[in-house]
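Those protein sequence lines, which keep their order, are chains B and Y.
Following the numbering used here, the numbering of the first sequence begins with 320 at its first residue and continues without gaps.
Following the numbering used here, the numbering of the second sequence begins with 320 at its first residue and continues without gaps.
We put the CB at the ideal spot given by N, CA and C, even for glycine.
Since this is a predicted model, take the numbers as computed values, not measurements.
Have a look at the structure below, then the notes.
Protein chains: 2
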Amino acid sequence: MQPEKLENLEPDTERKILEAAGKVFMQKGRLGASMQDIADEAGINRTLLHYYFRNKEKLFDTIFTKLLSQVFPTMVEAFASDRPFMEKIRIFVETYADLLKENPYLPVFVFQEISLNPDRLAGIIKHVGVDPDLALKGLTKEMESLGVHGMDPRHIIANLLGMVLFPYIGRALFQKIAFQDDTEAYEKFLEDRKEQVPRFVNMALQGSGQGPGQSRKHP
Amino acid sequence: MQPEKLENLEPDTERKILEAAGKVFMQKGRLGASMQDIADEAGINRTLLHYYFRNKEKLFDTIFTKLLSQVFPTMVEAFASDRPFMEKIRIFVETYADLLKENPYLPVFVFQEISLNPDRLAGIIKHVGVDPDLALKGLTKEMESLGVHGMDPRHIIANLLGMVLFPYIGRALFQKIAFQDDTEAYEKFLEDRKEQVPRFVNMALQGSGQGPGQSRKHP
DNA sequence: GTCTATATGGCGATAGAC
DNA sequence: GTCTATCGCCATATAGAC
């Protein structure tokens, strides 16, 4: 781990590898990314990858687990807090907007990988230790106190995740078709969604009018 | 099917190939699928694939174009009709629900592929000849007549597509975390969304109360 | 720890017999 | 049109020098 190094003092090689691997895997996918690609991105020799992580699979597992361990808690915790409902929604949307802005390829990458290899999930879920039941129960209660009765909260979650993730998952297609491939316009659109998505949810749940957590810009 | 078999008379080999290739490509992705996989699925010899379609790339392009040509029009036409707004929403949701039920891997596959290789899109869009501007203009007008002012209709589209597609894109993950991996419960959930999504949109756009196209079950 | 050289296997693609 | 046999490439992985 800590090698004495007079001539080539970079014990942070491992860090560079992880960083490069994350980037390359997300952009090209597990199969599309070659070890050479990752080595190039990290600026090191290819065989070093095998020295630090025995093979491609192990390297990938490390990256994948790391990414999901970072994403899952954010998701659940946003709903596990004791803030008012619409406040949770707003926090959730903004947290993900920031996360996705920095990792735009993350959703496609994750879902493609899980879809291809669902077994990988089991281990990771254990490793992270999320408890969605708790958050779900809380949601149900809060929705009822908002006057929404008999609605499975998982519909809300699915709606929310869909609305937040779609602009990233379908970006290449959506930007080209609905924005004439205007990147700047699309980025403005992404920014707008931080406001539009919570408002949409709010209106759907509360009926018309402005709910809490909507006081910044124009109506 | 046809037990008639003197030597090997099957000129519908091409059809079998296309069917098999579509299935295998969707399930394993372009890179994950090998020509051998496709040949096996079609029940033919591997070199026959090269006889009918020169190489893997050409075979893939055929499949991909075919799939998108089937999906795009459905999407745009649902909004280009002159039915009332909520009717369009309902039709859109149900059409996609049916399509996705039969091709659950389609969204991940398409978005992954486009994300990896955006260039492929340009040709296909031309080939299909969609005109989203028209549908967008119409949407804006209809929303205003519903009392929704100053809202970019593309937010509605993104919300709708996200809500419809997410349960399929994130199925492996969502079913495991929020449904304890209960497949039957999840399929019930998918069925429910045909009703829940239009209602959610309706409430968001009209405020509270029941809009059109919502008369089947409990309030 | 880092490099060069090399082994191994899989897959796409073609040639050629039938 | 369909098969068998084979070629050549590329990516993973390891051996071994420094």
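Three-state class that DSSP yields for residue i in the structure shown
i	result
Y/I475	helix
Y/N374	coil
B/Y424	coil
Y/A361	helix
Y/G348	helix
B/S400	coil
B/S353	coil
Y/G489	coil
B/F498	coil
Y/P392	helix
Y/M470	coil
Y/N436	coil
Y/F449	Here residue 449 of chain Y is Val; the residue named in the question, Phe, does not match the sequence. Looking at Y/V449 - three-state DSSP - the assignment turns out to be coil, as it is neither helix nor strand.
B/L368	helix
B/D511	helix
B/T465	Reading off the sequence, residue 465 of chain B comes out as Leu, not Thr. Residue state, collapsed to three classes: coil.
Y/D331	coil
Short CB-CB distance (under 8 Å) between residue i and chain Y
i	result
B/H446	no
B/Q515	yes
B/K539	Absent from the model: residue 539 of chain B. The displayed extent of chain B is 320 to 538, so no value can be given.
B/Y424	yes
B/M522	yes
B/L465	no
B/R473	yes
B/A397	no
B/K460	no
B/V412	no
B/L367	no
Beta carbon proximity, residue i to chain B, threshold 8 Å
i	result
Y/A491	yes
Y/G442	no
Y/P392	no
Y/G351	yes
Y/R409	no
Y/S434	yes
Y/G382	Residue 382 of chain Y is actually Ile in this sequence, not Gly. So, not an interface residue.
Y/Q389	no
Y/I476	yes
Y/I488	yes
Residue from the options whose Cα sits closest to the Cα of residue i
i	options	result
Y/V412	Y/S434, Y/F485 and Y/S464	Y/F485
Y/E432	B/M522, B/L350, B/R402 and B/R512	B/L350
B/F309	Y/V516, Y/I476 and Y/P517	Outside the displayed span of chain B (320 to 538) sits residue 309 of chain B, for which this structure offers no information.
Y/M482	Y/D500, Y/E514 and Y/E461	Y/E514
B/V516	B/D359, B/D380, B/M405 and B/I443	B/M405
B/V395	B/L479, B/I496, B/M522 and B/H369	B/L479
B/L453	B/Q355, B/A397, B/D501 and B/P437	B/A397
Y/D417	Y/K495, Y/K460 and Y/D511	Y/D511
Y/I443	Y/K385, Y/V427 and Y/S464	Y/K385
B/R334	B/I382, B/K445 and B/A352	B/I382
Y/L419	Y/M522, Y/E506 and Y/V520	Y/E506
Y/V427	Y/L465, Y/S464, Y/Y370 and Y/G489	Y/G489
B/E421	B/V390, B/D500 and B/A399	B/V390
Y/Y370	Y/D401, Y/I408, Y/I336 and Y/T459	Y/I336
Y/I496	B/G457, B/P451 and B/K407	B/P451
B/K460	B/K445, B/P437 and B/D401	B/D401
Y/G457	Y/F519, Y/D359 and Y/A399	Y/A399
Y/M522	Y/I408, Y/D380 and Y/D359	Y/I408
Y/K380	Y/D500, Y/D438 and Y/Y487	Before going on, a small fix: residue 380 of chain Y reads as Asp here, not Lys. Of the candidates Y/D500, Y/D438 and Y/Y487, the one whose C-alpha sits nearest the C-alpha of Y/D380 is Y/D438.
8 Å contact criterion, which residue i and residue j should meet: CB distance rounded
i	j	result
B/L509	Y/L440	Rounded, the Cβ-Cβ distance is 19 Å, inconsistent with contact.
B/K342	Y/L435	No, B/K342 and Y/L435 are not in contact; Cβ-Cβ is about 15 Å, not under 8 Å.
Y/Y424	Y/M345	4 Å
B/I363	B/T332	6 Å
B/V429	B/L387	7 Å
Own chain residues within Cβ distance below 8 Å of residue i, not counting five before or after
i	result
Y/R473	L455
B/E338	A361
B/P392	V447 and V449
Y/T502	Q494
Residues near residue i by beta carbon distance below 7 Å, same chain, minus five either side
i	result
Y/L378	A340, L368 and F372
Y/K375	M354
Y/M470	M462
Y/Y487	L419, P423 and P426
B/D500	Q494
Contact set for residue i: own chain, Cβ-Cβ below 6 Å, skip 5 residues either direction
i	result
Y/I410	A397
B/Q525	none
Y/V467	L524
Y/V520	I408
B/R365	M354, Q355 and A358
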